[in-house]
Every structure is written in C-alpha cells, then in structure tokens.
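There are 2 protein chains.
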Amino acid sequence: MTNPLDVVAIGNALVDVLAHSDDDFLAGRGIEKGSMSLINAEQADELYGVMGPGVECSGGSAANTVAGLASLGGKAGFIGKVAGDQLGKIFKHDITSLGVEFNSEPTHDTNPTGRCLVFVTPDAQRTMQTFLGSAGEVSPADVNESLIRRAQVTYFEGYLFDAPPAKQAYVKAAEIAHAANKEVSLTLSDKFCVDRHRAEFLDLVHGHIDVLFANENEIVALYESGNFDAAVHAVRGQCDVAVLTRSEKGALIVTPEHTIEVPAHPVAKVEDTTGAGDLFAAGFLYGYTHGRPLAECGKIAAICAAEIISHVGARPEANLAELVAKHV
Amino acid sequence: MTNPLDVVAIGNALVDVLAHSDDDFLAGRGIEKGSMSLINAEQADELYGVMGPGVECSGGSAANTVAGLASLGGKAGFIGKVAGDQLGKIFKHDITSLGVEFNSEPTHDTNPTGRCLVFVTPDAQRTMQTFLGSAGEVSPADVNESLIRRAQVTYFEGYLFDAPPAKQAYVKAAEIAHAANKEVSLTLSDKFCVDRHRAEFLDLVHGHIDVLFANENEIVALYESGNFDAAVHAVRGQCDVAVLTRSEKGALIVTPEHTIEVPAHPVAKVEDTTGAGDLFAAGFLYGYTHGRPLAECGKIAAICAAEIISHVGARPEANLAELVAKHV
Chain A
1018 MTNPLDVVAI
1028 GNALVDVLAH
1038 SDDDFLAGRG
1048 IEKGSMSLIN
1058 AEQADELYGV
1068 MGPGVECSGG
1078 SAANTVAGLA
1088 SLGGKAGFIG
1098 KVAGDQLGKI
1108 FKHDITSLGV
1118 EFNSEPTHDT
1128 NPTGRCLVFV
1138 TPDAQRTMQT
1148 FLGSAGEVSP
1158 ADVNESLIRR
1168 AQVTYFEGYL
1178 FDAPPAKQAY
1188 VKAAEIAHAA
1198 NKEVSLTLSD
1208 KFCVDRHRAE
1218 FLDLVHGHID
1228 VLFANENEIV
1238 ALYESGNFDA
1248 AVHAVRGQCD
1258 VAVLTRSEKG
1268 ALIVTPEHTI
1278 EVPAHPVAKV
1288 EDTTGAGDLF
1298 AAGFLYGYTH
1308 GRPLAECGKI
1318 AAICAAEIIS
1328 HVGARPEANL
1338 AELVAKHV
Chain B
1018 MTNPLDVVAI
1028 GNALVDVLAH
1038 SDDDFLAGRG
1048 IEKGSMSLIN
1058 AEQADELYGV
1068 MGPGVECSGG
1078 SAANTVAGLA
1088 SLGGKAGFIG
1098 KVAGDQLGKI
1108 FKHDITSLGV
1118 EFNSEPTHDT
1128 NPTGRCLVFV
1138 TPDAQRTMQT
1148 FLGSAGEVSP
1158 ADVNESLIRR
1168 AQVTYFEGYL
1178 FDAPPAKQAY
1188 VKAAEIAHAA
1198 NKEVSLTLSD
1208 KFCVDRHRAE
1218 FLDLVHGHID
1228 VLFANENEIV
1238 ALYESGNFDA
1248 AVHAVRGQCD
1258 VAVLTRSEKG
1268 ALIVTPEHTI
1278 EVPAHPVAKV
1288 EDTTGAGDLF
1298 AAGFLYGYTH
1308 GRPLAECGKI
1318 AAICAAEIIS
1328 HVGARPEANL
1338 AELVAKHV
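If you're matching them up, the sequences are chains A and B in order.
Residues in the first sequence are numbered from 1018 upward in steps of one, following this note's numbering.
Residues in the second sequence are numbered from 1018 upward in steps of one, following this note's numbering.
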C-alpha cells in the first residue's frame, strides 16, 4: 500500500476557547463541573458574552489525538467538518501544519465552524460547553474510503454521537476498515454522552470496536455497573483491548486474558486537565501501531497525558517523540 | 467629571497568532529576529501557510497595555479598528470582558481584522510579522472626544505610525487631551518603526508628549545617538518623564532634574518576551495615574513585565493587582 497511515480519526473539528473561571460562575449557571454539554448558537453567544478573555486554539478530542500522534512521529489523517470562515481556516492550518492529512471539504451553509467554550477552574478541571456548528455535519459521505483503507487504526470520538449522521459514518468507516483487515478504535469521550446514547454505544463497542478507550466514569456509565471492578468484568472480552484511564491512579489495559496496570507519569503541577484522555489515546495508539507491547503502549500514553496536563491547552507544547525517547 | 478613566489608548486592534519557531526558519526567510515588520494580506497568507500550529489571542501593543491596566484594577478605554469578522469579535470580546471600554465601530469594508504572526524562538524572543488589516484604518474620525477628556492619560503606540491617518488622529487626540488639562503618552514601539518615521516621531515627542516610553534600541534610534547615555542626555527635558527600559538591566526614569534607576523584577524562567514593554507601560501608568512616586511606578511596572515574560502570550495570566499588592 502506498502512503500507509498509522491512524485516521473521525471527530469534531472544533476550535477551543479557553478561559479561566471559578466554581461559583459554573454553579450560578447550573453547569456541572467537569462535564461537556452541547449548546446552540444563541447559547454560545450569550455564554461567550459573559466569559472572561479567552485564548483560541484548535481542539476537538480526536483531532487532539492525531495532533499528539503526529508529535510522536506517527502518520495520521483526520476527517471532520469546518466551515469556510476564519475559525475553520485556523483549524485546518493547525492540523495540517502538524503533518496530519485533512482534506474534508468545508461546509457551504451558514453554520459557522464549531467551538468549545472551555472553563478552566482553579483545580485545573475543565468544563466544556460546545457549540458543534459545522462539526456536527459529518455524514457517511465524508468517510474517505482510501484514507480509511490506508490506516492501521480508524479512531472515533464518542462526542460525535450527538450528531446522528455521524453514527452512520462510524458504522460505514468501521466496515471499510474491517474489510481491509484494519482495526477500529473508539473513545467513549464523556459519561453524559454515554448516558445519552448508551444502547448505540453498546452496539458499536460489541460489534465493531477492537480498541476501546474510556475513563472510569465512562466505562461505569456504559455498563451501568455501579463500580469500576464490575465494569472491568463487563468489558473484558467485548473488544480486543480496553484501555481504562483513572487519572492519577494510572490506567488499566484489559484484554480477554490479561490485565495490565499502567502507573500515571509524574507531573510537577497539573495546570489544566483538558486533553488528558486525548493524549493518552495518542500515545497508546502510537505504540500500538508501531508493534510495541501493550505495557509499553501504556507507558508512552502516560507520558503524553502528563505533558498535556502540565500546561493550559490540549495540544502538545513539547516534542512528544523526544520526551518519550527519554523515558521508554 | 462622570466616569473618569485612568488611561485611554489608541492603537492597533490585532489578534496575535503565536507559534514556536527556530532561528533557521527566520534566517531562511530573511526575517530579522526581534523585529516587527509589516506584511500585506498575500504575504500573511503565505507566511501563515508555512507557520507551525498557532495559538490565537487578542494582542496589539497598546491594547495589551490597557488589558494590563485593567488587571491592576485601573479604568481604561481603547480606540482601534476591527472588522466585522470572527477575529474582530474575539478582539472586542477579550478587551471588553476585562472591563475596558471599547466602542470603536467595526469597519464595513472587506479588509479583515488585523493579525500579528508571532514567532517565538527558543531564546524566548519574539519576531513579529504584522498584517494590519482593519487596524490600520484608525483616523481622526475615530478619536472619541469624550473618552479622551475623561482619561488622565491618553496613550499612543508608535506602531500605528505606519498607518498615515493615525498620525493625524494622534495629533487631534493630543490636542483634545491637553485642552482638557490631561496628559499624553507615547511608546516608540520598535526601532525599525522609529527609523521609518523619525522626523514625525521627533515632532510628536517634542511637541505633544508628557510621558514617553522607549527601550534602549528605540531611544538610541530616535536620536541617532549611537549609545544609550547620549540618548538619555538627548531626551532629558523633551518631555516630563521618559521611561527607558533595558530588559534584564531594568529601566531608567528620566525627568528634567532626576534620573531614577528601576531594577528588573526577578523571573524564574523567561518563556516569551512578547508584551514585556506593553506591560511595563501598564504598570507605570497605573502607578502614575494613582499618584504614586515615580520610583514606585517603576517598581509596579517591573512586576508587571516580569509576569508577562514568565509565560507565552502578551496578556496577563495572573491577577496583577494581587501580584503588585504582595511586593509594593
């Protein structure tokens, strides 16, 4: 195959707007800290109006993952929808300047490029209010077959489940990938997102997914299992590998026969947890697509997650390939 | 007077696009490190195309200064031109969310909001390539007379000298301010800008300016004096106060009778010098408009400059009022 890729991701093409905030601001507006909620254009304008000064940078969960993969030296592609506006140009510039292939046509309607208003509280947690805009317009027509066939792993973000045509796009992409003997991966993204779409997530996980990423809350929500151990039991064997992250407690890699514990990589000071899961997935998938043993995939993942939470913003500031070379 | 202001600034309404870069990239394109050059729309598109992934945040030298003044608890206004596009909305949002009055009408032509491509090299220096866009359209018609009359100090950035109608706007604003018994301040901004407009800068400084800000290179360029001591001699008495910054060597406050040395405030690690001069001016003008002795104005200025160079970006991340309260 010409031009093989390690990973192609399908996800929300979003620009993040990061601002510092305090707990009272969120509580006063009934926004649950640590959650991601969808808002419409009007709500986004209203909320932006009362938000503090922001910093804009390209975001989107799966897009952050391929950005991380590129920083590790991997080869990646991205499928997602921007509009033909200034934020859309920023998104396209940032991801392509990292060497990620991104050829999805911009939309031509009046729906602007999506944005995620990120409130970073003093405890370094991030609370996200997302106006999907054009990002929610991913449909099966956007699934570039040759891109999928070139990639060892096709990766989906759960957030896109909030946009119905995207679910069909995932199934189409999974079928193309499997027909080409490639693998398919999914991150559950958010426990509230899992609550909104549990049945469809279960169908996808049990029928199409080889490598599943979830944090503790998400996997417990998926199986409504009440506690983490029961969720580990429930997911084992449902896909080849389940990678379950637990913040400072590290992660668990669960295969049908084995359970591998991955300790968290030390961080001097946690500044902003935005992107921790995205970069954990980047590191893991880099190792996975480069034939590393699972424990080593986990170690690379933990290093990448540690880098991202040591500064504000969800795209790496350090060269991850150099960082990993020091430790692995 | 109702609603008095400490400072109203007239300057370039710009959005900064910050990216890390290396010396070779700049050298290869013939861009002098540490300089600010103007580029046109086409050059901006071309340069952005080869620039690494960026972070966008509101910038503009004088706008950074009033943002700093607001963070110190001061009351400020801003006059500058954005377009009716997404970057224009970002600029307006960021400055007004800090409490700065900003009511300049957006332009209605096709010229987009200006942007400054900032290349941050590993030595933490910043090299700027600015596409002025709508920012360059400031004209005498934009000088809001009541805003100027309400402010103790009207502050100009030298960069705007590159846009001819802005020079007339400065003279008009200076005349309004002086007629109202208020003061006028200018920062020279950039030695190349001084080289481009020396005669007009000298006219303005010697005829209209009460408080002048310049760094070592700029004041030497203004008087073509060859060395700093000769420039100090040349500027003394030309305005009430000349504030001459010298990076890690601190600053000199020069009045007709006195010279006050201001030591630099210690910084653990210099990350990015973007905005050092802007925030030095913010701190000085805050002290100056609050009746503090000149030495104390200098001390506040040095604390603000130290905060801004300790992180990437030219707007304060810490609450400057709290920071200053700890030290002054």
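By construction, the Cβ of each residue, glycine as well, lies at the ideal position given by its N, Cα and C atoms.
Model, not experiment: these values are computed from the prediction.
With a cut-off of 8 Å, do at least 3 Cβ pairs link the segment 1032–1041 of chain A to the segment 1131–1138 of chain A? Yes, the segment 1032–1041 of chain A is in contact with the segment 1131–1138 of chain A.
State the CB to CB distance for the pair residue 1205 of chain A and residue 1231 of chain A, rounded to an integer number of angstroms; the pair is presumed to be in contact (CB under 8 Å). At roughly 4 Å, the Cβ-Cβ gap stays under 8 Å, so residue 1205 of chain A and residue 1231 of chain A are in contact.
How should residue 1282 of chain A be labelled, buried or exposed, when 16 other C-beta atoms within 10 angstroms of its C-beta is the threshold for buried? Buried.
Can you pull the chain A neighbours of residue 1065 of chain B, defined as C-beta to C-beta under 7 Å? 1110
Below 9 Å between beta carbons is the criterion; list the residues of the segment 1051–1083 of chain A that meet it against any residue of chain B, in chain order. 1065, 1066, 1067, 1068, 1069, 1070, 1071, 1072, 1073, 1074, 1075
Determine whether the Cβ of residue 1107 of chain A lies closer than 8 Å to any Cβ atom of chain B. yes
Thinking just about the alpha-carbon of each residue, which of A/1092, A/1107, A/1195 is nearest to the one in residue 1024 of chain A? Ranking the options by Cα distance to residue 1024 of chain A, first place goes to A/1092.
Nearest neighbour of residue 1431 of chain B, chosen from B/1029, B/1247, B/1138, B/1169 [CA to CA]: Coverage of chain B is limited to positions 1018 through 1345, which leaves residue 1431 of chain B absent and any answer about it impossible.
Candidates A/1326, A/1302, A/1112: which alpha carbon is nearest residue 1317 of chain A's? Selected option, being the one with the closest Cα: A/1302.
Which chain A residues sit within Cβ distance under 7 Å of residue 1103 of chain B? 1102, 1103, 1104
Residues near residue 1154 of chain B in its chain [Cβ-Cβ closer than 6 Å; skip 5 each side]: 1098, 1124
Evaluate contact between the segment 1195–1205 of chain A and the segment 1155–1168 of chain A, counting only Cβ atoms and requiring at least three cross-stretch pairs below 8 Å. yes
Under 8 Å between C-beta atoms, does residue 1332 of chain B make it to chain A? Yes, its Cβ sits closer than 8 Å to a Cβ of chain A.
For a test of the three-state rule: what should DSSP assign to residue 1295 of chain A, helix, strand or coil? helix
Cβ pair count under 8 Å reaching 3, the segment 1067–1074 of chain B against the segment 1063–1075 of chain A: A contact exists between the segment 1067–1074 of chain B and the segment 1063–1075 of chain A.
Compare the C-beta of residue 1114 of chain B against all C-beta atoms of chain A and say whether one is closer than 8 Å. yes
Residue range of the beta strand (DSSP E) that residue 1037 of chain A falls in? Its beta strand (DSSP E) spans residues 1031–1037.
When the Cα atoms are used, what is the spatial distance from residue 1277 of chain B to residue 1312 of chain B? 7 Å
Within 10 angstroms of the Cβ of residue 1038 of chain B, are there 16 or more other Cβ atoms? Answer buried if so, exposed if not. buried
For residue 1068 of chain A: DSSP bridge partner residues: Paired residue(s): none; residue 1068 of chain A is not in a bridge.
Is the number of C-beta pairs between the segment 1314–1332 of chain A and the segment 1178–1196 of chain A that are closer than 8 Å three or more? no
Can the beta-carbon of residue 1333 of chain B be found closer than 8 Å to that of residue 1088 of chain B? yes
Is it buried or exposed for residue 1019 of chain B, if we count other Cβ within 10 angstroms and need 16 for buried? Residue environment: residue 1019 of chain B is assigned as exposed (fewer than 16 neighbouring CB atoms within 10 Å of its CB, all protein chains considered).
Measure the beta-carbon distance from residue 1359 of chain A to residue 1341 of chain A and round it to whole angstroms, keeping in mind my assumption that it falls under 8 Å. Nothing about residue 1359 of chain A can be reported from this structure: the residues present for chain A run from 1018 to 1345 only.
Spatial distance of residue 1042 of chain B from residue 1207 of chain B (CA atoms): 22 Å
Distance between residue 1046 of chain B and residue 1063 of chain B (C-alpha atoms, nearest Å): Near 12 Å, if we compare the C-alpha coordinates of residue 1046 of chain B and residue 1063 of chain B.
Ends of the beta strand (DSSP E) at residue 1096 of chain A? Element bounds for residue 1096 of chain A: 1093–1096.
In chain order, which continuous runs of the beta strand (DSSP E) of length 3 or greater are located wholly inside the segment 1174–1261 of chain A? 1200–1204, 1228–1232
Residues near residue 1102 of chain B in its chain [Cβ-Cβ closer than 8 Å; skip 5 each side]: 1129, 1130
Can you give the beta carbon distance from residue 1229 of chain A to residue 1222 of chain A, rounded, assuming they're within the 8 Å contact cut? 6 Å
Do residue 1188 of chain A and residue 1214 of chain A have their CB atoms nearer than 8 Å? no
Should residue 1026 of chain A go down as buried or exposed, given a rule of 16 or more other Cβ atoms within 10 Å for buried? buried
So if DSSP puts residue 1279 of chain A in a beta bridge, which residue, or which two residues, is it bridged to? A/1268
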